[in-house]
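In the numbering used here, the protein residues as written are 27 to 222. Right, one structure below, let's go through it.
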């Protein structure tokens, strides 16, 4: 009961303040308008042109500063994301090519350590889409253990979705990159998988 009374008081106060603000805005605009119509028409036209120039200049400066600030933030975020995404890609390729390159596969302990570290970095630096793609990758990786093994093609496409999310988060459009094109860069028999 006390909360609803408090909320009603806040709503009434907000309505009063909004009414006062609108009244002051109306009063200010009417005073400015009266000043303009009482001035000599030639002088009024000059004042109007000068005011328009100042307002347009001010708006363009504010918009450009906002866009500049936004691009600086995006560039800073991209700098932080690149090492994280490189680690993910290196991990995926170490799993994929270890046997072909006569290198040892990462141990379970190394994989757990990697997942813990990279998850922490992604929570801080990854975009929403990237977090979603990594979640699906992690879930598919867990489900691919021996007792619960999935169709390997599904896992490959989850990896491809992760790689495409990385590319998109770094600014690539991924335009005209259809299903299987990224995988086809490192999976030789992908056309056979697409038939399954």
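Glycine residues also receive a C-beta, built at the ideal position from the N, C-alpha and C atoms. From a predicted model like this one, the values you see are computed outputs, not experimental measurements.
Contact check, residue i vs residue j, beta carbons under 8 Å
i: residue 186; j: residue 208; result: yes
i: residue 144; j: residue 113; result: yes
i: residue 213; j: residue 182; result: yes
i: residue 140; j: residue 148; result: no
i: residue 142; j: residue 131; result: no
Other residues of its chain near residue i: CB distance less than 8 Å, five sequence neighbours each side excluded
i: residue 162; result: 184, 187 and 188
i: residue 195; result: 107, 111, 152, 153, 155 and 156
i: residue 62; result: 70, 73 and 74
i: residue 115; result: 189 and 192
i: residue 95; result: none
Of the residues the options, the one placed nearest residue i, counting alpha carbons only
i: residue 134; options: 75, 68, 78 and 168; result: 168
i: residue 104; options: 49, 193, 158 and 87; result: 193
i: residue 178; options: 146, 122 and 127; result: 122
i: residue 262; options: 206, 77 and 120; result: Since the first and last residues shown for the chain are 27 and 222, residue 262 lies out of range.
i: residue 117; options: 127, 136, 101 and 99; result: 136
i: residue 100; options: 81, 197, 202 and 51; result: 197
Contact set for residue i: own chain, Cβ-Cβ below 6 Å, skip 5 residues either direction
i: residue 39; result: none
i: residue 205; result: none
Cβ-based neighbour list, residue i, same chain, cut-off 7 Å, excluding 5 preceding and 5 following
i: residue 91; result: none
Check your understanding: Can you give, in chain order, each stretch of the alpha helix (DSSP H) that sits fully within the stretch 35 to 90 and has at least 4 residues?
Key -> none
Check your understanding: What are the start and end residues of each continuous beta strand (DSSP E) run of 3 or more residues lying completely inside the stretch 116 to 176, in chain order?
Key -> Listed in chain order, there is nothing to give.
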